[in-house]
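Asker: So for the sequence shown, the working numbering puts the first residue at 1; every next one is plus one.
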Amino acid sequence: MSDYIICMDASGDIIREAAMENSIAFVPMEYSLGDEMRTSAGCEEESLLKQFYDGQRGGDLTRTSQISPFMYEDFFKTFLEEGNSILYFCLSSGLSSTYESSLLAAANLKERYPNATLLPVDTLAATGGIGILVERAAENRKRGMSLQENYEDVKAFVPHLRHYFMVQDLMYLKRGGRVSAATAIVGSALNIKPMLKIDENGELVTVDKKRGNKAAMTSLFTFFQENYDPKVCSTIYICDADTPELACKLEEKVREAAPDAVVRRTMLSPIIGAHTGPGMLSMILAN
């Protein structure tokens with residue numbers, strides 16, 4: 001085993017088995033549910049996530065806070081002091097300033113630990129997109145790739161990632177400035193489900209609107225059919241914000257259409273869920 005640690009944001013989603021098998025470390029991130037501040041350290045228990053999304057449904061406001069360079073330094077120094085280098089997968093720079101903060105931390109830590117290396121990766125991704133990259137990096141490490149070789153490989157793979165998802169409650173997009181107040185009110189009244197993607201710059205954009213869950217689910221499955229390429233990557237992440245019935249239906253359709261696909265099902269991290277609201281459903285793959 002190569003002597004470097006693989007680390008990811010708590011904003012990413014990865015199945016617990018893959019995280020444990022590959023000793024993935026998580027940079028903790030803070031979020032709130034109502035007046036309560038919490039810390040996510042990755043792979044949250046399902047009961048805790050259901051409590052979070054039930055709180056949102058009950059009217060609790062949710063928000064997140066950025067990771068500062070100092071917080072990064074404090075977290076990473078434990079590994080560096082032990083002589084380990086780090087390959088770190090960060091939330092998209094198009095969605096957060098955490099990547100910039102991690103670069104500042106890496107520069108400061110290099111002065112204090114010149115014999116170890118911290119390489120942050122701007123994933124241009126979120127949720128299961130980060131999971132796909134981390135699983136790839138873990139397999140690369142098992143095959144003996146050096147830190148630098150692995151870094152170059154996953155960086156080259158980033159443009160292949162595709163994220164597509166539906167949102168149930170437009171009010172969360174309104175709070176984040178993604179839609180206007182008028183659009184949110186009218187859309188909610190008409191049962192409009194926005195369809196969004198993360199674009200090539202790692203930014204969140206609305207690409208379509210569907211009326212009702214049935215039309216939105218059809219759109220998600222069509223996205224799968226048009227983009228799935230097992231020659232590039234057979235792993236698919238289906239992440240949901242406590243809407244298991246829809247996630248199960250989507251998984252069934254995917255497995256029927258592509259029996260050899262490696263389908264990963266996870267509940268959405270509260271770090272992302274704080275901004276998308278309950279009922280969000282995503283399809284993430286690479287081509």
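From the three backbone atoms N, C-alpha and C, an ideal C-beta is built for every residue, glycine too.
What you are looking at is a predicted structure, and each value in this text was computed from that prediction instead of being measured.
Between Asn287 and Asn227, how many whole angstroms is the CB-CB distance? I'm expecting something under 8 Å.
Answerer: Confirmed, about 5 Å.
Asker: Any chance you could list the alpha helix (DSSP H) runs of at least 4 consecutive residues sitting entirely within the segment 24–57, in chain order?
Answerer: 46–57
Asker: Just verifying my parser: in three-state terms, what is the DSSP assignment at Met1?
Answerer: For Met1, the predicted model reports a pLDDT of 45, less than 50, meaning its position is unreliable and no value from the coordinates is stated.
Asker: Going by DSSP in three states, Tyr172 sits in which element: helix, strand or coil?
Answerer: helix
Asker: With distances taken Cα to Cα, identify the nearest neighbour of Arg57 among Gly34, Met71 and Pro120.
Answerer: Of the candidates Gly34, Met71 and Pro120, Gly34 places its Cα closest to the Cα of Arg57.
Asker: May I ask you to report which of helix, strand or coil DSSP gives Thr206?
Answerer: strand
Asker: For the pair the segment 120–131 and the segment 83–90, tell me if three or more CB-CB distances fall below 8 Å.
Answerer: At 8 Å Cβ cutoff, the stretches touch.
Asker: When the Cβ atoms of the segment 159–169 are set against those of the segment 31–49, are three or more pairs found closer than 8 Å?
Answerer: The segment 159–169 makes no contact with the segment 31–49, as fewer than three CB pairs between them are under 8 Å.
Asker: Using the Cβ count rule (16 or more neighbours within 10 Å means buried), how would you classify Met1?
Answerer: Model confidence at Met1 stands at a pLDDT of 45, short of 50, so the residue's coordinates are unreliable; what they give is reported in the following sentence. Exposed, since its Cβ has fewer than 16 Cβ neighbours within 10 Å.
Asker: Could you say which of Gly83, Val232, Asp60 and Pro114 lies nearest to Ala274 if we only look at CA atoms?
Answerer: Asp60
Asker: Go ahead and pull the three-state DSSP assignment for Lys197.
Answerer: Residue state, collapsed to three classes: strand.
Asker: At what residue ranges does the segment 210–284 contain a whole run of the beta strand (DSSP E), taking only runs of 3 or more?
Answerer: 235–240 and 262–267
Asker: How is Leu119 classed by DSSP in three states: helix, strand or coil?
Answerer: strand
Asker: So the beta strand (DSSP E) Arg63 belongs to, where does it begin and stop?
Answerer: Thr62 to Thr64
Asker: Tell me, which residues are paired with Tyr88 by DSSP?
Answerer: Its beta-bridge partners are Cys7 and Pro120.
Asker: Please go through the segment 125–156 and give each complete alpha helix (DSSP H) segment of 4 or more residues, from N-terminal end onward.
Answerer: If we require 4 residues or more, the alpha helix (DSSP H) runs fully inside the segment 125–156 come out as 127–142.
Asker: From Ile236, Pro244 and Ile132, pick the residue whose C-alpha is nearest to that of Ala19; which is it?
Answerer: Ile132
Asker: Give the DSSP-derived three-state secondary structure of Leu95 in the structure shown.
Answerer: coil
Asker: What do you reckon, are the CB atoms on Ser65 and Ala116 nearer than 8 Å?
Answerer: no
Asker: Quick one: give me the first and last residue of the alpha helix (DSSP H) that Tyr72 is part of.
Answerer: Pro69 to Glu81
Asker: Assuming contact is defined by CB atoms lying nearer than 8 Å, are Cys239 and Ser282 in contact in what I supplied?
Answerer: The Cβ atoms of Cys239 and Ser282 sit closer than 8 Å to each other.
Asker: Quick one: is Glu152 buried, meaning 16 or more other Cβ sit within 10 Å of its Cβ, or exposed?
Answerer: exposed
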